[in-house]
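K.L.:
Sending over a structure as structure tokens; questions will come in a sec.
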Amino acid sequence: MAVDTTIIVIKHDSKNIIMKNAQSMSMLRLWQLISPALPVGAYAYSQGLEYALHVEWIAEEDDVKQWIQGQVCHSLCHLDIPVLKRLYQAWLENNEDDVKQWSQFLIASRESSELVAEDQQLGRALAVLLSDLGFRSAQEYKQSNTACFATLLSLAAVEWKISIEEIAHGYLWAWLENQVAAAIKLVPLGQTAGQRILLSVSEDIPGAVEVGLKIEDEDIGMLAPMVSIASALHETQYSRLFRS
9 MAVDTTIIVI KHDSKNIIMK NAQSMSMLRL WQLISPALPV GAYAYSQGLE
59 YALHVEWIAE EDDVKQWIQG QVCHSLCHLD IPVLKRLYQA WLENNEDDVK
109 QWSQFLIASR ESSELVAEDQ QLGRALAVLL SDLGFRSAQE YKQSNTACFA
159 TLLSLAAVEW KISIEEIAHG YLWAWLENQV AAAIKLVPLG QTAGQRILLS
209 VSEDIPGAVE VGLKIEDEDI GMLAPMVSIA SALHETQYSR LFRS
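This is the structure:
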């Protein structure tokens, strides 16, 4: 008896098309989350970069690159990325206690009131946006002090089926892009210089993600004294372009 392979092939191709479409949509949602057009106000913060330039710790393109590169490779990969992973897992398991625990941990790890306020404000802004987009779990974080940006970003990633590896890459890219945009305004740098920094530092992102996703609970944390000092002193800087 002959087997009609046409039906089998069509079903197989349809399944592949559906899977590819799902992957494409999750990638598009990732781009949406890390877009500068995301209305959370990240562009308003420099994370101490403005003060570092004010006192001439940073003066030119190479200084900016080293300042940003150091944080990607030695700070964010040891704190933000491993906590992002745990928040992602907590949302995946509907574990509200773990969501709150790791959100509080990340906020407590911010080393200046400016950095705490930034993380909470970005988190609440994203919570408002996600609530308006139909995310019920985001509603309680609209006015919560336990909201941080990674909390709501990981929620969106889980709901939109973005993998932890993809959202971790996106998190670092969005942070990098925001820092470069701030430097272009402050140094000032030309647009081409900004692109050179993006091109160079982005090469460190895959390695930083790999390191960050492997870190155990007891090893989570980082120390970046100059960044912390710059952020703290920026709070009382006389003339500021960026929020404190």
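Quick note: the sequence shown uses our numbering, first residue 9, plus one each step.
Beta carbons: idealized from backbone N, C-alpha and C, even for Gly.
None of these values were measured; they are calculated from a predicted model.
1. Using 9 Å as the threshold, is the C-beta distance between Ala176 and Gly220 below it?
2. Considering Cα atoms alone, identify which of Leu61, Ala98 and Ser121 is closest to Pro4.
3. Based on Cα-Cα distance, which residue from Glu126, Val48, Ile172 and Leu137 lies nearest to Pro90?
4. Nearest by alpha-carbon distance to Trp168: which of Leu180, Ser120, Asp70 and Tyr96 is it?
5. Excluding sequence positions up to five away, which residues of its chain have a Cβ less than 7 Å from the Cβ of Ala146?
6. In the structure shown, what three-state DSSP assignment does Cys81 receive?
7. Out of Arg251, Val235 and Asp105, state which residue places its alpha-carbon closest to the alpha-carbon of Gln74.
8. Report the rounded CA-to-CA distance for Tyr53 versus Leu194, giving the unit in angstroms.
9. Do Leu249 and Val217 have their C-beta atoms closer together than 9 Å?
10. Can you tell me whether Ser252 is helix, strand or coil according to DSSP?
P.N.:
Result, derived from the coordinates:
1. Reading the sequence shown from its first residue, position 168 is the one you call residue 176. Reading the sequence shown from its first residue, position 212 is the one you call residue 220. A contact, by the Cβ cut-off of 9 Å.
2. The structure shown does not extend to residue 4, since the chain is modelled only from 9 to 252, so the question has no answer here.
3. Here the question's residue 90 lines up with position 82 in the sequence shown. Closest in alpha carbon position to Pro90, among Glu126, Val48, Ile172 and Leu137, is Ile172.
4. Along the sequence shown, read from residue 1 onward, the residue named residue 168 stands at position 160. Of Leu180, Ser120, Asp70 and Tyr96, the smallest CA-CA separation from Trp168 is found for Tyr96.
5. To locate residue 146, count along the sequence shown from 1; it is residue 138. Ala135, Leu138, Ser139, Leu160 and Leu163.
6. Taking the first residue of the sequence shown as position 1, residue 81 is located at position 73. Three-state result, Cys81: helix.
7. Here residue 74 refers to the residue found at position 66 when the sequence shown is read from its first residue. Taking the Cα of Gln74 as reference, the smallest distance to any Cα among Arg251, Val235 and Asp105 is reached at Val235.
8. Taking the sequence shown and counting its residues from 1, the one referred to as residue 53 is at position 45. Taking the sequence shown and counting its residues from 1, the one referred to as residue 194 is at position 186. Rounded to the nearest angstrom, the two C-alpha atoms are 12 Å apart.
9. Translated into the one-based positions of the sequence shown, residue 249 becomes position 241. Translated into the one-based positions of the sequence shown, residue 217 becomes position 209. In this structure, the beta-carbon distance from Leu249 to Val217 does not fall below 9 Å.
10. Residue numbering aside, residue 252 sits at position 244 when the sequence shown is read from its first letter. It is coil, neither helix nor strand.
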